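Report on the following structure.
2 protein chains.
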Amino acid sequence: MSDESVMSDQNSMPDLKVTGRTKIKRGANRASFDRKAAYALIDHSVVCHLAHLVEGHVVVTPTCHWREGDHLYWHGHRLARNVVSPGQGRGNTEVSINICALDGLVLARSAFHHSVNYRSLTLFGIPEEITNDEQKALHLERFVDKLYPGRWAQLRPMTRQELAATGVSRIPINEASLKVRSGMPVDDEADLDWPAWAGVVPRESIWGKALPDSHVTKEQERPVLGEGLF
Amino acid sequence: MSDESVMSDQNSMPDLKVTGRTKIKRGANRASFDRKAAYALIDHSVVCHLAHLVEGHVVVTPTCHWREGDHLYWHGHRLARNVVSPGQGRGNTEVSINICALDGLVLARSAFHHSVNYRSLTLFGIPEEITNDEQKALHLERFVDKLYPGRWAQLRPMTRQELAATGVSRIPINEASLKVRSGMPVDDEADLDWPAWAGVVPRESIWGKALPDSHVTKEQERPVLGEGLF
């Protein structure tokens with residue numbers, strides 16, 4: 006494991022990298038390479054979608070993710086196809102990962118100008134697997150504490166067997182592009198008096214009341230989730 | 006365009022197809038090939054993630070989808086890389102599509118048994134592009150009316166130019182697998198008296214109050230969204 010995951014200086018963060026894959030071809034007005042906005046999306050979201058080749062076929066599955074410095078991490082069973090690195094001979098040379106927030110429905114006066122408000126980040130990279138168990142534990146702590154700040158310290162510690170059974174992978178956050186739409190519909194001028202309602206229906210995720218299992222005692226405090234998580 | 010998209014008989018729906026790609030290798034206890042449950046997930050969700058090969062590289066992006074009978078549809082700019090069918094010479098031979106609902110966070114007494122409640126459907130197929138503009142309009146009507154029942158009839162009709170600029174693609178819903186986790190954490194027996202709160206934090210999506218744009222008149226009625234949409 007290299008030691009590149011140092012936190013970027015928030016005041017001088019380099020843009021994400023524009024390549025043939027990350028250059029946005031449709032809706033270029035919605036494109037952004039703002040690393041800070043990308044990090045906010047990564048840090049507040051729980052689930053990403055990871056696509057890769059498995060025996061020559063494209064497969065996309067959801068997984069949870071977290072960020073440390075300039076790397077995006079995910080985990081799974083140590084033999085899971087999406088966490089095994091190329092060096093392990095499983096042939097996953099490249100992944101594409103998307104994180105998307107659906108922020109609203111955009112209703113125009115014509116079907117053509119209907120849209121959605123969203124933030125979508127697509128990343129590309131060659132995964133690196135974390136193989137050292139002590140390092141794995143440190144990364145998993147960051148993952149747990151992203152979702153539930155302070156919780157790691159309250160848990161029954163991970164066993165050697167559990168660490169050995171867990172795979173952790175990461176890619177650098179570099180070749181990536183963010184696409185964002187926000188705001189009201191943009192109707193054709195000639196349609197503005199067409200008699201249909203137009204505007205935005207906002208959408209958000211909410212967390213319900215925490216439901217304890219049957220072994221929780223009255224004294225045990227309900228968890229506090231990470232701020233802004235969706 | 007073939008004419009296979011007849012509605013399945015809901016009382017005798019064939020299971021989804023188990024293949025090398027859809028057989029679930031990890032967490033087989035969470036696997037389902039229940040077509041009815043898969044259709045409910047498709048019909049209530051707005052956004053899917055579509056992965057395919059572009060010039061030899063895996064790319065995953067979000068898009069909106071809808072269902073007609075036993076086909077999953079999506080749309081985009083007619084030249085967008087994810088809507089152009091193989092016959093158009095753009096080389097997209099296969100796609101994998103995932104639809105995922107995050108239903109809750111599952112907190113156990115050990116990090117290892119933490120999990121999430123979710124429903125995740127992964128599909129595979131070779132896209133077919135709808136090339137007839139009249140057919141395209143019929144499909145887009147189904148899409149709009151999935152999100153906002155009855156709205157298509159209220160809109161300024163699509164022009165020939167708009168239809169020509171819009172691409173519609175579909176895959177049969179056949180080679181697919183559903184994975185579902187629900188309910189409480191499953192802790193190790195020995196951890197049940199560990200002094201940490203354990204249980205589930207439910208998650209759901211909500212639609213906020215519809216915000217009209219500046220041209221809406223008082224008489225125009227706010228939209229009603231499709232039931233159960235998330």
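Protein chains in written order, with our numbering: chain A, 6 to 235; chain B, 6 to 235. Ideal Cβ positions, reconstructed from N, Cα and C, are used throughout, including at glycine. Note that the structure is a prediction, hence the values are computed from the model and not measured.
#1: What is the DSSP secondary structure of Leu128 (chain A), reduced to helix, strand or coil?
#2: Any idea which residues DSSP pairs Tyr153 (chain A) with across the strands?
#3: Does DSSP put Ala45 (chain A) in a helix, in a strand, or in coil?
#4: Looking at the strands, I want to know which residues DSSP matches up with Ile29 (chain A).
#5: So with Cβ pairs under 8 Å, would you call Thr127 (chain A) a contact of chain B?
#6: What does Phe38 (chain A) reach in chain B if we use C-beta pairs closer than 9 Å?
#7: Run through chain B and tell me which residues come within less than 9 Å of Ser187 (chain A), C-beta to C-beta.
#8: Quick one: what's got a C-beta closer than 8 Å to Ala169 (chain A)'s C-beta in the same chain, skipping five residues either side?
#9: Does any heavy atom of the ligand GTP sit closer than 7 Å to the C-beta of Val23 (chain B)?
#10: Would you kindly check if the distance between the Cβ of Leu160 (chain A) and the Cβ of Ala158 (chain B) is under 8 Å?
#11: Is it buried or exposed, Glu167 (chain A), if we count other Cβ atoms within 10 angstroms and call 16 or more buried?
#12: Taking Leu110 (chain B) as part of the alpha helix (DSSP H), name the residues at either end of that continuous run.
#13: For the segment 189–209 of chain A, which residues have a CB atom closer than 9 Å to at least one CB atom of chain B, in sequence order?
#14: In the DSSP assignment, the alpha helix (DSSP H) including Leu55 (chain A) goes from what residue to what residue?
#15: Mind listing the chain A neighbours of Asp218 (chain B)? Cutoff is C-beta to C-beta under 7 Å, in chain order.
#16: Run through the DSSP bridge pairs and tell me what Thr171 (chain B) is partnered with.
#17: Compare the C-beta of His119 (chain A) against all C-beta atoms of chain B and say whether one is closer than 8 Å.
#18: Quick check on Ile102 (chain B) - is its C-beta less than 8 Å from some C-beta in chain A?
#19: For the beta strand (DSSP E) that Gly231 (chain A) lies in, which residues bound it at each end?
By the coordinates alone:
#1: As a position in the first sequence, residue 128 (chain A) is number 123, starting the count at 1. Strand at Leu128 (chain A).
#2: Here the question's residue 153 (chain A) lines up with position 148 in the first sequence. Paired residue(s): none; Tyr153 (chain A) is not in a bridge.
#3: The count along the first sequence starts at 1 and reaches residue 45 (chain A) at position 40. Of the three classes helix, strand and coil, the one that applies to Ala45 (chain A) here is helix, per DSSP.
#4: Translated into the one-based positions of the first sequence, residue 29 (chain A) becomes position 24. Partner(s): none; Ile29 (chain A) has no beta bridge.
#5: Mapped onto the first sequence, residue 127 (chain A) falls at position 122. At least one chain B Cβ lies under 8 Å of Thr127 (chain A).
#6: Within the first sequence, the letter at position 33 stands for residue 38 (chain A). Per Cβ cutoff of 9 Å: no residues; Phe38 (chain A) is ~16 Å from chain B at best.
#7: Locating residue 187 (chain A) in the first sequence gives position 182, where the first residue counts as 1. What Ser187 (chain A) touches in chain B: nothing, since even the nearest Cβ is about 12 Å away.
#8: By one-based count along the first sequence, residue 169 (chain A) stands at place 164. Sequence-distant Cβ neighbours of Ala169 (chain A) in its own chain, meaning closer than 8 Å and more than five residues away, are Arg83 and Asp138.
#9: As presented, the structure is devoid of all ligands, the ligand GTP included, so that no description of it is given.
#10: As a first step, residue 158 (chain B) must be located in the second sequence, where it is residue number 153. As a first step, residue 160 (chain A) must be located in the first sequence, where it is residue number 155. Result no, Cβ atoms of Ala158 (chain B) and Leu160 (chain A) do not sit closer than 8 Å.
#11: For the purposes of this step, residue 167 (chain A) is taken as the residue at position 162 of the first sequence. Taking all protein chains shown into account, Glu167 (chain A) has 16 or more neighbouring C-beta atoms within 10 Å of its C-beta and is therefore buried.
#12: As a first step, residue 110 (chain B) must be located in the second sequence, where it is residue number 105. Premise fails: Leu110 (chain B) lies in the beta strand (DSSP E), Val100 to Leu112, not in any alpha helix (DSSP H).
#13: Cβ contacts with chain B come from Met189, Pro190, Asp192, Asp193, Ala195, Asp196, Leu197, Asp198, Trp199, Pro200, Ala201, Trp202, Ala203, Gly204, Val205, Val206, Pro207, Arg208 and Glu209.
#14: Residue 55 (chain A) sits at position 50 when you count from the first residue of the first sequence. Per DSSP, Leu55 (chain A) belongs to no alpha helix (DSSP H); it is in the beta strand (DSSP E), Val52 to Val59.
#15: Here residue 218 (chain B) refers to the residue found at position 213 of the second sequence. Within 7 Å of the CB of Asp218 (chain B), the CB atoms of chain A belong to Met189, Pro190, Ala203 and Gly204, in sequence order along the chain.
#16: Counting from one through the second sequence, the residue named residue 171 (chain B) turns up at place 166. Beta-bridge annotation (DSSP): Thr171 (chain B) is paired with B:His82.
#17: What you label residue 119 (chain A) is simply residue 114 of the first sequence in a count that begins at 1. By the rule that beta-carbons nearer than 8 Å mark a contact, His119 (chain A) touches chain B.
#18: Here residue 102 (chain B) refers to the residue found at position 97 when the second sequence is read from its first residue. For Ile102 (chain B), at least one C-beta of chain A is nearer than 8 Å to its own C-beta.
#19: Taking the first sequence and counting its residues from 1, one reaches residue 231 (chain A) at position 226. Per DSSP, Gly231 (chain A) belongs to no beta strand (DSSP E) and is neither H nor E.
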